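Peer 1:
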Amino acid sequence: MRRTGGRITFALILAAGLAMPSDAAPRPGPQDLARAYPQSIARVGDGKVVMRNGQVFAISDGVSGKSDERRLNAPDIDDMFFEAYVQGPPARPPSGEPGRARYEPLFNAMYGDCSRGGVRLRRVAWMPHRHGGTVLFATANGADRALEAVVRDLERLPPDMTRFLVPAGGTYNCRKIQGTPRRSMHAYGAAIDISTRYSDYWMWSGGEGAAWRNRIPMEVVEAFERHGFIWGGKWRHFDTMHFEYRPELLPAQRRQDPAAP
Ligand SMILES: [Zn+2]
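Residues in the sequence shown are numbered from 7 upward in steps of one, following my numbering.
Given below as structure tokens:
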């Protein structure tokens with residue numbers, strides 16, 4: 007009798023766990039691309055992303071059961087959404103790499119190819135009330151205006167937070183991700199590294215298998231996430247100075263942004 011009762015309790019706990027949603031908002035998918043990048047994308051449907059410049063990309067390459075490595079090195083558009091990016095405090099240590107799979111032809115089409123000088127950039131004031139100078143940022147899809155909205159929020163944080171932010175570590179840089187054939191979001195002018203002084207990067211922490219570490223306050227992370235940026239601190243290969251504009255991975259909460267449609 008006791009054994010049966012124990013099994014029922016166990017089954018109920020299991021069922022409750024399975025029924026619990028992993029996060030409150032509906033999980034983003036390819037359909038969110040049109041909402042996130044209205045300037046570049048005309049529509050998403052019938053298994054395709056149709057760009058305003060006439061290019062058409064298939065959402066799926068038809069390859070199933072990709073390894074984690076293949077999903078990073080040869081992703082299709084579907085793979086960009088395979089791992090959910092969850093807002094708020096990170097799992098410690100993070101087990102995945104949400105947002106690191108990027109289908110490059112799509113980003114090349116949206117931001118331009120930096121190796122051909124094709125990325126349109128603008129100088130954006132970085133923490134102007136805290137002597138942060140300016141940084142170059144992409145203008146496509148209002149990425150520059152989203153960064154300005156982040157700056158407005160960051161400047162409301164207490165003065166002792168300045169040390170995490172100023173000087174900025176860098177934005178536009180036409181390069182591949184170190185040790186990979188993949189183009190960094192810095193190559194599109196749509197990523198910013200905040201101050202390197204209090205940042206932790208897996209390669210600086212001993213390389214593969216480095217223990218996750220973070221000193222960046224969540225208030226900083228939340229200011230970026232509110233305006234469509236994801237944080238490299240949520241990756242197993244952590245990079246806590248790194249924020250990149252990926253509004254397709256975050257819920258549509260950006261309506262108060264001047265960048266939002
Ligand atoms: Zn970076």
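Each residue gets a CB set at the ideal place from its N, CA and C atoms; glycine is no exception. Owing to the predicted nature of the structure, the values given are computational and were not obtained by experimental measurement.
Do PRO253 and GLY238 count as a contact pair if the criterion is CB distance below 8 Å?
Peer 2: By one-based count along the sequence shown, residue 238 stands at place 232. By one-based count along the sequence shown, residue 253 stands at place 247. Contact: no.
Peer 1: Please classify MET209 as buried or exposed, where buried requires at least 16 neighbouring CB atoms within 10 angstroms.
Peer 2: Walking along the sequence shown from the start, residue 209 turns up at place 203. Looking at its Cβ environment, which holds fewer than 16 other Cβ atoms inside 10 Å, MET209 is exposed.
Peer 1: Hey, is MET224 close to ligand 1, as in C-beta under 7 Å from one of its heavy atoms?
Peer 2: Position 218 of the sequence shown, counted from the first residue, corresponds to residue 224. No - ligand 1 has no heavy atom lying nearer than 7 Å to the Cβ of MET224.
Peer 1: Which residues does DSSP pair with GLY51 in a beta bridge?
Peer 2: On the sequence shown, position 45 is the one that residue 51 refers to. Paired residue(s): LYS54.
Peer 1: CA-CA distance, ASP159 and CYS180?
Peer 2: Within the sequence shown, the letter at position 153 stands for residue 159. Within the sequence shown, the letter at position 174 stands for residue 180. The straight-line gap from Cα to Cα measures roughly 28 Å.
Peer 1: Which same chain residues end up closer than 6 Å to MET7 when comparing Cβ atoms and leaving out the 5 residues on each side of it in sequence?
Peer 2: In the sequence shown, counting from the first residue as 1, residue 7 sits at position 1. Caution is warranted here: a pLDDT of 41 is assigned to MET7, below 50, making its placement in the model unreliable, and the coordinate value is therefore given only provisionally. There are no such residues.
Peer 1: Taking only the alpha-carbon atoms, compute the straight-line gap between LYS54 and ARG33 and give it to the nearest angstrom.
Peer 2: By 1-based counting over the sequence shown, the position of residue 54 is 48. By 1-based counting over the sequence shown, the position of residue 33 is 27. Distance between the alpha carbons of LYS54 and ARG33: 19 Å.
Peer 1: Who are the Cβ neighbours of THR246 in its own chain at under 6 Å, not counting the five residues just before and after it?
Peer 2: For this step, residue 246 is matched to residue 240 along the sequence shown. Same-chain partners within the cutoff: SER205, ASP206, ASN220, ILE222 and GLY239.
Peer 1: Per the DSSP calculation, TYR207 is bridged to which residue(s)?
Peer 2: One-based indexing of the sequence shown puts residue 207 at position 201. ASP245, per the DSSP bridge assignment.
Peer 1: Using the three-state DSSP reduction, which class does ALA146 fall into: helix, strand or coil?
Peer 2: On the sequence shown, position 140 is the one that residue 146 refers to. ALA146: helix per DSSP, three-state reduction.
Peer 1: So, is VAL227 buried or exposed, given that buried needs 16 or more other C-beta atoms within 10 angstroms?
Peer 2: On the sequence shown, residue 227 is found 221 positions in, with the first residue counted as 1. Counting Cβ neighbours within 10 Å, VAL227 comes out buried, since at least 16 surround it.
Peer 1: For the stretch 94 to 158, list the beta strand (DSSP E) runs that are entirely contained and at least 3 residues long, ordered along the chain.
Peer 2: The stretch 94 to 158 contains these whole beta strand (DSSP E) runs: 127 to 131 and 140 to 144.
Peer 1: Does the contact criterion of 3 or more C-beta pairs under 8 Å hold for the stretch 120 to 132 versus the stretch 144 to 158?
Peer 2: As far as the Cβ criterion goes, the stretch 120 to 132 touches the stretch 144 to 158, which means the pair count is three or higher.
Peer 1: ASP85 by DSSP, collapsed to three states: which one?
Peer 2: Numbered from 1 along the sequence shown, position 79 holds the residue referred to as residue 85. Reduced to three states, the DSSP call for ASP85 is helix.
Peer 1: Please report the distance separating the alpha-carbon of PRO99 from that of TRP218.
Peer 2: The residue you call residue 99 lines up with position 93 of the sequence shown. The residue you call residue 218 lines up with position 212 of the sequence shown. Computed Cα separation, rounded: 6 Å.
Peer 1: For MET209, is the beta carbon positioned less than 7 Å from some heavy atom of ligand 1?
Peer 2: The residue labelled residue 209 in the question sits at position 203 within the sequence shown. Flag unset: Cβ of MET209 not near ligand 1.
Peer 1: If you follow the beta strand (DSSP E) that ALA197 is in, where does it begin and where does it stop?
Peer 2: Position 191 of the sequence shown, counted from the first residue, corresponds to residue 197. Unbroken beta strand (DSSP E) run through ALA197: 197 to 199.
Peer 1: Measuring CA to CA, which of GLY105, ARG126 and PHE88 is closest to ALA115?
Peer 2: Mapped onto the sequence shown, residue 115 falls at position 109. With distances taken between Cα atoms, ALA115 lies closest to ARG126.
Peer 1: Figure out for me which residue from LEU142, SER101 and ARG162 has the closest Cα to the Cα of GLY215.
Peer 2: The residue given as residue 215 occupies position 209 in the sequence shown. Answer by Cα proximity: SER101.
Peer 1: If you drop the 5 nearest sequence neighbours on each side, which residues of the same chain put their C-beta closer than 7 Å to that of PHE113?
Peer 2: Counted from its first residue, the sequence shown places residue 113 at position 107. The answer, listed in chain order, is TYR194.
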